[in-house]
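Protein chains in written order, with this note's numbering: chain A, 4 to 258; chain B, 683 to 969. Each residue gets a CB set at the ideal place from its N, CA and C atoms; glycine is no exception. The structure displayed is predicted, hence computed values, not measured ones. One structure below.
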């Protein structure tokens, strides 16, 4: 029986913030005096500069959604999730190996977050939403919004330190359904996307696919940061695209 | 089955059930202001393979430090706000013959000056996880503009930066967050389990350090005078040019909700030159 068209294939541009606790710990324990530490600090700054360059250049990921299945391909990893078959395959694109987990027999997965129990970002006053002219992005019509607000953080959230931050978020939304619209977050958390990405969903038009979003925190200060993502090459899938959800045969299976 | 055997079986079953329940619902020992935990930390690094300078292969002496955690207040949810001080004593024996006396003396003074600033605030959850408030936001530019400065001036400015108490506190916080990464995985994931029996295993996705771990209960044993659950935690991360592995054993006191010890092994391997670096850290709660 032919299946109805799938939802979409998209290309997302994302940034992320790795945490290097053990690395820094090992490095710091080696230093034996201030001069060595100064040299080490310089190395850390060079590493931070390289990281900043990597982040500013952005990275591209490919996503596909079909009948509840998900395919996510990053720089060196491919993940295929097939909930109806209880299977999750994670392929290493560098070593060309794949590990497949049957969720019925696999150990329980527990997600932990060091921010659990902490007060979430809070809005100070009401956000101001300004409608922007419609735009055509990658051949798709999109509605634009600019939202400005002040958020208050009771703890540092990645790029943003403790305290108040002025944020400005520009978003373009299309009529297409967003296959990842679930798990909505609070408005204040959406607006802190410039500090730490939270969700690609739209809160202005829930359930609709966001094609472009940039979130700036503290734009007029030396600590200003902007994080953005953009989707492109969005198209509907059909059964001819099912091979997207198979790991290439030449990949070696890991136990 | 004879009645007496059935009764005995039921009794044994009830005792086992009660023991299990006592583990599961063990009342958290409430922490209070002034409570203090002190962990002793011994860390040792080793490099092999690759083509680093020959001195990199020299056996590195263990580095000793202690982490003191003092409760300063208690949140409504039972989380303790704590002040953490790290004491990393000057390794006098290791550095005794590493140059002229005045150089060693200057190095010692610098070390001890910095050691005073290794303190910061954190949170200790009811389950014994030590959570840090690491701030990754852009820091104020403390360095002087180095343009047109002599090398000596630039060096002085750099040394002044690392002698800054804020910088030393940040280093200490990073150091402690690395040390407690795996113990926190254990404490936070055990808190979400309804049962801990030998052989149980689970997978942890840690948003705290962007890593995933396979955790297994390997048994129970007396550890430094406490009844401890022994858990293993392993992780493996692949990158285009390197791999990182963690293989650790953690001793967790389920009654007191505190990590009492850990043997942590971090291994990094660089594909390009075949160099492997291993850092082994032992963490023990001092009674």
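Closer than 8 Å at the beta carbon, the chain A residues around residue i
i	result
residue 846 (chain B)	Those within 8 Å of residue 846 (chain B) in chain A number zero; the least Cβ separation is about 10 Å.
residue 867 (chain B)	115
residue 874 (chain B)	113, 115
residue 871 (chain B)	113, 115
Chain-ordered neighbours of residue i on chain B, where CB pairs are closer than 9 Å
i	result
residue 110 (chain A)	882, 883, 884, 885, 896, 897, 898
Distance between beta carbons of residue j and residue i, contact taken as under 8 Å
i	j	result
residue 178 (chain A)	residue 205 (chain A)	In fact, because the Cβ distance is near 11 Å, the residues do not count as touching under 8 Å.
residue 847 (chain B)	residue 799 (chain B)	4 Å
residue 151 (chain A)	residue 171 (chain A)	5 Å
residue 141 (chain A)	residue 214 (chain A)	7 Å
residue 809 (chain B)	residue 939 (chain B)	5 Å
residue 811 (chain B)	residue 870 (chain B)	5 Å
residue 767 (chain B)	residue 750 (chain B)	5 Å
Contact set for residue i: own chain, Cβ-Cβ below 6 Å, skip 5 residues either direction
i	result
residue 722 (chain B)	748, 966, 968
residue 718 (chain B)	752
residue 709 (chain B)	Reliability of the predicted coordinates at residue 709 (chain B) is poor, the pLDDT of 48 falling under 50, and the value obtained from them is presented with this limitation in mind. Excluding sequence neighbours, residue 709 (chain B) sits near nothing in its chain.
residue 231 (chain A)	217
residue 731 (chain B)	956, 957, 958
residue 909 (chain B)	none
residue 75 (chain A)	66, 82
Chain A residues whose Cβ lies nearer than 9 Å to that of residue i
i	result
residue 952 (chain B)	Within chain A, no residue comes near residue 952 (chain B); the closest Cβ sits about 13 Å away, beyond 9 Å.
Chain A contact residues for residue i, given Cβ-Cβ distances below 7 Å
i	result
residue 761 (chain B)	120
residue 890 (chain B)	115, 116, 117
residue 771 (chain B)	What residue 771 (chain B) touches in chain A: nothing, since even the nearest Cβ is about 13 Å away.
residue 922 (chain B)	79, 97
Candidates the options: closest to residue i by CA position
i	options	result
residue 754 (chain B)	B:843, B:714, B:886	B:714
residue 881 (chain B)	B:787, B:796, B:915, B:793	B:915
residue 143 (chain A)	A:73, A:98, A:237	A:237
residue 942 (chain B)	B:953, B:933, B:789	B:933
residue 895 (chain B)	B:912, B:956, B:918, B:947	B:918
residue 937 (chain B)	B:911, B:782, B:768	B:911
residue 79 (chain A)	A:98, A:61, A:90	A:98
residue 114 (chain A)	B:873, B:909, B:712	B:873
residue 899 (chain B)	B:905, B:924, B:931	B:931
residue 216 (chain A)	A:195, A:109, A:104	A:195
residue 925 (chain B)	B:802, B:884, B:851, B:951	B:951
residue 167 (chain A)	A:221, A:72, A:207	A:221
residue 69 (chain A)	A:136, A:109, A:249, A:230	A:249
residue 772 (chain B)	B:797, B:785, B:781, B:893	B:797
residue 775 (chain B)	B:744, B:954, B:792, B:764	B:744
residue 854 (chain B)	B:814, B:884, B:889	B:814
Contact set for residue i: own chain, Cβ-Cβ below 8 Å, skip 5 residues either direction
i	result
residue 139 (chain A)	145
residue 256 (chain A)	100, 101, 102, 103
residue 164 (chain A)	156, 226
Same chain, Cβ closer than 7 Å to residue i, five either side skipped, listed in chain order
i	result
residue 28 (chain A)	Note that residue 28 (chain A) scores 30 on pLDDT, short of 50, meaning its location in the model is unreliable and no value can be drawn from it.
residue 31 (chain A)	Model confidence at residue 31 (chain A) stands at a pLDDT of 35, short of 50, so the residue's coordinates are unreliable; what they give is reported in the following sentence. Excluding positions up to five away in sequence, the list is empty.
Partners in chain B for residue i, counting only beta-carbon separations shorter than 8 Å
i	result
residue 72 (chain A)	Those within 8 Å of residue 72 (chain A) in chain B number zero; the least Cβ separation is about 20 Å.
If you pair each beta-carbon of the region 150-158 of chain A with each one of the region 123-142 of chain A, do three or more pairs fall below 8 Å?
Touching, yes, given that three or more Cβ pairs across the two stretches are closer than 8 Å.
Against chain C, which members of the region 88-118 of chain A pass a CB distance test of less than 8 Å?
You won't find chain C in this structure, because its protein chains are A and B.
So, do the region 858-868 of chain B and the region 78-86 of chain A have three or more beta carbon pairs nearer to each other than 8 Å?
no
Does the region 235-251 of chain A come close enough to the region 189-197 of chain A that 3 or more CB-CB pairs lie under 8 Å?
no
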